[in-house]
Structure formats: C-alpha cells, structure tokens
Amino acid sequence: MRRFARVALLCLGCGVCSLLYGLSQLALSLEQGPGGGGRERQARDPAAPGARRPAGSAGRGEAGTGRYDYMKTHPSEKMHLAVVACGERLEETVTMLRSAIIFSIKPLHFHIFAEDQLHESFKDILDEFPYEGKVNYTLYPITFPSESAAEWKKLFKPCASQRLFLPLILKNVDSLLYVDTDILFLRPVDDIWSFLGKFNSTQIAAMAPEHEEPRIGWYNRFARHPYYGVTGINSGVMLMNMTRIRRKYFKNDMTPVRLQWGEILMPLLKKYKLNITWGDQDLLNIMFFHNPESLYVFPCQWNYRPDHCIYGSNCRTAEEEGIFILHGNRGVYHDDKQPTFRAVYEAIKNYSFGDDLVHSLLQPLERELQKTTHTYCGRVYKVFIKQLTKSIRDLYARRSKGR
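Heads up: the sequence shown runs through residues 4 to 406, numbered per my numbering.
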C-alpha cells in the first residue's frame with residue numbers, strides 16, 4: 004500500500020507541475036499579444052534587420068538565416084556595392100560611383116578593390132565628395148589565394164578575377180552588388196537592390212543575359228564550354244546573396260560530390276583554362292549552367308551594352324521604359340566608335356554635385372545625343388534619357404516632400 008501511495012503522490016505532483024507550466028505559458032502569450040514571440044526573436048537576434056548592432060559594425064551586412072524572411076518589410080539599412088579597379092580605370096570608377104550617389108535613396112557602402120598605387124588617388128577624390136552622411140567606402144588591395152595567385156592574375160585581365168573571391172573576402176557582408184568600372188546608374192541603386200527580395204529559396208545571384216538576339220550571340224556561336232541559357236549571361240552587373248553563395252554546394256562536371264564556392268573555383272580553372280575567352284565570366288557561366296535554379300535573370304535594361312543597339316535596337320524593355328544601367332564595355336566611353344555612350348559618360352563625369360540636374364546634366368546631354376543620330380545607337384537616343392528624366396523628376400519630388 005505504501006508503494007501505491009507513493010506512486011499516486013508522485014503522479015499528483017507531476018500533474019500539478021504541468022498545470023502550473025501551462026498556466027504560465029498562457030499568461031506569457033496574453034502579455035505579449037499576437038505575434039509577440041516573433042518580435043522577441045527579432046529583437047534578440049543581432050542578424051535580424053532592425054536589431055541593435057554591436058559597436059563598430061554599423062553599415063556592414065550580417066549573415067543570418069532569417070534575413071530574407073524580413074526583407075520586404077524590413078529593408079536593409081545599407082546597400083553594399085563592390086568594384087575592382089586596375090590600371091587606367093580610376094576616372095571611370097569614380098564616374099560610376101558618382102552615378103550611384105546621385106540618385107540612390109538608402110545609404111551606400113562602396114567596397115573598392117584596387118591596385119596599391121591607386122589607393123591614395125581614390126581616397127583624395129572620395130573624401131571630397133559631398134556625401135551628406137549617405138556614403139562610406141573601404142579600400143582593399145588586390146588579393147588572390149597565394150598558392151594560385153599567378154594563374155588568376157593571368158586570366159583575361161590582371162584584376163578581373165578578383166570578383167570571384169568577394170564572397171570569401173567580405174565574410175561579414177550578407178548581400179552585395181558587384182559592377183564593372185564601366186557601369187553608369189541611371190536610376191537609384193535601390194531599385195536593382197530590391198531584386199534580392201524577389202529571389203526564391205534557391206536563387207543566390209542575379210545577372211542579365213549576354214545577348215537578346217541569338218543570331219549575334221557570342222556564347223551560342225563560339226563558346227567551347229558550357230554556358231547558361233540560350234545566349235549566356237553577362238557578369239558586369241551581378242547582384243549576390245553572399246550568405247547563400249557561401250553555404251551552397253554546387254553541382255559540377257568534375258566530381259559527383261557537390262563543392263562549395265571556395266572549393267570549386269580552382270578545379271574549374273584547371274579544367275577549362277584552355278577553353279575560356281572571357282575569364283571569370285566564362286567560369287560563372289559554367290557554374291550556372293550546372294546550377295540554373297540558383298540564378299535570377301533580370302532584363303537587359305539593367306545591363307544595357309553596345310550590343311543592344313549597334314546592330315539595331317534589340318532590348319525591348321529599354322525601348323519601353325528606358326535604360327536603367329548603362330554598361331560601356333569595349334572601351335566605348337573613351338573612343339569615338341559609339342558617341343551615344345560616350346556622351347552619357349561625359350555628362351555624368353562633368354556634373355558637379357549640387358548643380359541643377361535638369362540644366363546641368365539632362366539638357367546638355369540631350370543636345371549631345373541629338374548629334375549622334377547618324378549611328379544605330381544614336382537613332383534610339385531617347386532610350387538613353389527616358390529613365391534618366393524620370394529619375395531626376397523623382398529625386399526632386401522626394402526632396403520637395405522632405406522640406
């Protein structure tokens with residue numbers, strides 16, 4: 004009997020404890036209100052947007068599994084933009100940065116990878132920009148893995164392959180927009196940055212097609228290696244969720260075992276180095292050929308190049324809405340082969356911060372563009388100012404509301 008009494012007493016005690024625990028949880032939920040538990044996790048998680056950051060980490064992207072669950076309602080406080088500059092690309096890079104500053108809304112952090120001899124020049128110029136607390140920058144040396152640095156430097160151009168190592172170098176940056184030096188923003192960086200919120204669960208990066216018209220495509224006519232889609236992709240404008248890139252295991256044609264980003268680069272180079280023409284861009288095409296589900300493709304107006312007009316206009320979205328990002332590859336900003344592209348570059352390069360954008364940028368540019376109608380790109384010159392006109396109007400509207 005004593006044994007049964009002890010068991011009964013023990014069961015009674017457990018039941019009382021369970022009842023008390025249930026009542027405490029009910030009281031807690033009533034105190035927090037609907038959704039209170041989610042807000043508590045967000046506040047405690049330093050990686051969650053809106054959470055307090057430790058001292059010294061302001062402006063840096065934090066890796067966190069829940070970040071993109073919050074992106075649409077809690078936009079990132081800063082946009083991170085990276086560029087790699089070598090040789091004679093100082094002026095071109097500064098002009099690109101100027102175009103990013105003019106229209107962007109959220110704060111920007113520039114990650115500038117440059118040869119050592121360019122660092123002082125960058126610092127002298129950027130420190131004179133009227134940032135108004137909106138822009139920060141960090142200068143980095145050009146670095147490759149020590150055991151294979153010589154091979155990477157020889158690939159295409161001396162600095163070009165640096166972009167492949169950004170996810171491994173910028174370990175504290177969650178998301179990043181990489182652009183070539185010959186890029187010009189004709190609308191806020193915020194707008195291409197917003198594509199991060201449109202990624203599905205498998206997508207890790209976004210790029211535009213190399214060509215719209217397969218009959219003039221390079222990859223589908225000449226490539227000796229796998230490439231993405233019908234005409235390949237162009238890496239001059241590349242939006243990256245770097246947290247996802249670092250975590251992903253990539254399918255490949257070298258081993259049945261999937262490899263992470265840092266593991267796959269050198270084997271790819273060794274296998275294809277005799278078959279690639281455009282260096283790191285070709286390697287990215289190979290990677291996304293095997294992992295097509297990982298790429299978000301945005302329209303050609305976000306990476307508008309001479310190929311979109313020198314043989315006749317073939318970027319329909321630009322015809323409808325204008326050019327959003329201009330890409331002056333093939334050196335067209337610095338010769339007379341494509342005066343339409345050069346006119347846009349010169350207009351932004353010569354614009355002084357604080358001057359009236361209509362009278363000091365838009366109107367002089369339109370006059371110059373009208374002189375280029377003897378070229379194929381000049382015949383569609385209005386696509387070069389269509390979005391620019393809207394960006395200026397929107398900027399002045401935001402300023403008037405802020406008064």
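Glycine residues also receive a C-beta, built at the ideal position from the N, C-alpha and C atoms.
Residues bridged to residue i [DSSP beta-bridge criterion]
i: Gly-315; result: Ile-313
i: Pro-212; result: Ile-236
i: Asn-244; result: Ser-178
i: Phe-188; result: Ile-328
i: Ala-88; result: Ala-117
i: His-83; result: His-112
i: Tyr-307; result: Leu-329
Proximity of residue i and residue j at Cβ, strictly below 8 Å
i: Gln-206; j: Asn-237; result: no
i: Ile-104; j: Val-138; result: yes
i: Asp-185; j: His-330; result: yes
i: Val-233; j: Leu-111; result: no
i: Ala-85; j: Leu-169; result: yes
i: Met-210; j: Met-245; result: no
i: Gly-265; j: Leu-171; result: yes
i: Ser-102; j: Ile-326; result: no
i: Cys-380; j: Phe-356; result: no
i: His-83; j: Leu-180; result: yes
i: Leu-199; j: Ser-394; result: no
i: Pro-302; j: Thr-320; result: yes
i: Lys-254; j: Asn-223; result: no
i: Ile-289; j: Tyr-307; result: no
i: Gly-282; j: Ser-164; result: yes
i: Leu-372; j: Ala-346; result: yes
i: Leu-173; j: Leu-286; result: no
i: Tyr-1; j: Ile-248; result: Outside the shown range of the chain, which is 4 to 406, sits residue 1, and nothing can be said about it.
i: Phe-113; j: Tyr-134; result: no
Cβ neighbour criterion (16 or more within 10 Å) applied to residue i
i: Gly-334; result: exposed
i: Ser-204; result: exposed
i: Pro-342; result: buried
i: Lys-404; result: exposed
i: Glu-65; result: Reliability of the predicted coordinates at Glu-65 is poor, the pLDDT of 31 falling under 50, and no value is obtained from them.
i: Asn-353; result: exposed
i: Lys-251; result: buried
i: Cys-162; result: buried
i: Ala-153; result: exposed
i: Met-257; result: exposed
i: His-362; result: exposed
i: Glu-123; result: exposed
i: Asn-175; result: exposed
i: Tyr-399; result: exposed
i: Asp-339; result: exposed
i: Val-260; result: exposed
i: Glu-215; result: buried
i: Leu-33; result: Confidence is the limiting factor: at Leu-33 the pLDDT is only 38, short of 50, which leaves the residue's position unreliable, though a coordinate-based value still follows. So Leu-33 counts as exposed.
i: Thr-1; result: There is simply no residue 1 to check, as the chain begins at 4 and stops at 406 in what is shown.
i: Pro-217; result: exposed
i: Phe-387; result: buried
i: Lys-273; result: exposed
i: Gln-390; result: buried
i: Asp-177; result: buried
i: Phe-116; result: buried
i: Pro-212; result: buried
i: Phe-225; result: exposed
i: Glu-91; result: exposed
i: Glu-95; result: buried
Member of the options whose CA lies at the smallest distance from the CA of residue i
i: Lys-143; options: Val-182, Gln-304, Leu-121, Asn-255; result: Reading off the sequence shown, one finds Tyr at residue 143, where the question assumed Lys. Of Val-182, Gln-304, Leu-121, Asn-255, the residue nearest in Cα terms is Leu-121.
i: Leu-277; options: Asp-256, His-228, Arg-247, Ala-321; result: His-228
i: Asp-119; options: Thr-96, Thr-146, Val-97; result: Thr-146
i: Ser-297; options: Lys-201, Lys-274, Glu-324; result: Lys-201
i: Tyr-336; options: Ile-326, Gly-325, Phe-327, Tyr-348; result: Tyr-348
i: Pro-148; options: Val-300, Trp-305, Leu-268; result: Leu-268
i: Trp-196; options: Tyr-230, Tyr-299, Met-290; result: Tyr-299
i: Gly-136; options: Lys-81, Val-182, Trp-155, Arg-92; result: Lys-81
i: Gly-235; options: Asp-183, Trp-305, Phe-291; result: Phe-291
i: Lys-126; options: Trp-155, Leu-93, Asn-255, Ser-151; result: Leu-93
i: Val-182; options: Leu-365, Val-97, Arg-249; result: Val-97
i: Lys-385; options: Leu-360, Ser-316, Arg-401, Pro-212; result: Ser-316
i: Trp-155; options: His-311, Tyr-134, Pro-270, Trp-221; result: Pro-270
i: Met-243; options: Gln-366, Leu-129, Ala-208, Gln-304; result: Ala-208
i: Leu-382; options: Asn-332, Asp-397, Glu-322; result: One point to set straight first is that residue 382 is Arg, not Leu, in the sequence displayed. Residue Glu-322 is the option with its Cα nearest to Arg-382.
i: Arg-402; options: Asp-359, Glu-131, Tyr-231; result: Asp-359
i: Lys-194; options: Thr-375, Glu-95, Phe-106; result: Residue 194 is actually Asp in this sequence, not Lys. The shortest C-alpha separation from Asp-194 is found at Phe-106.
Exercise. Along the chain, which unbroken stretches of the alpha helix (DSSP H) at least 4 residues long are found entirely within the segment 108 to 160?
Worked result: 122 to 129, 152 to 157
Problem set entry | Contained alpha helix (DSSP H) runs [length at least 4] in the segment 245 to 300, N- to C-terminal order | DSSP runs (the alpha helix (DSSP H)) wholly in the segment 245 to 300: 245 to 250, 264 to 275, 283 to 293.
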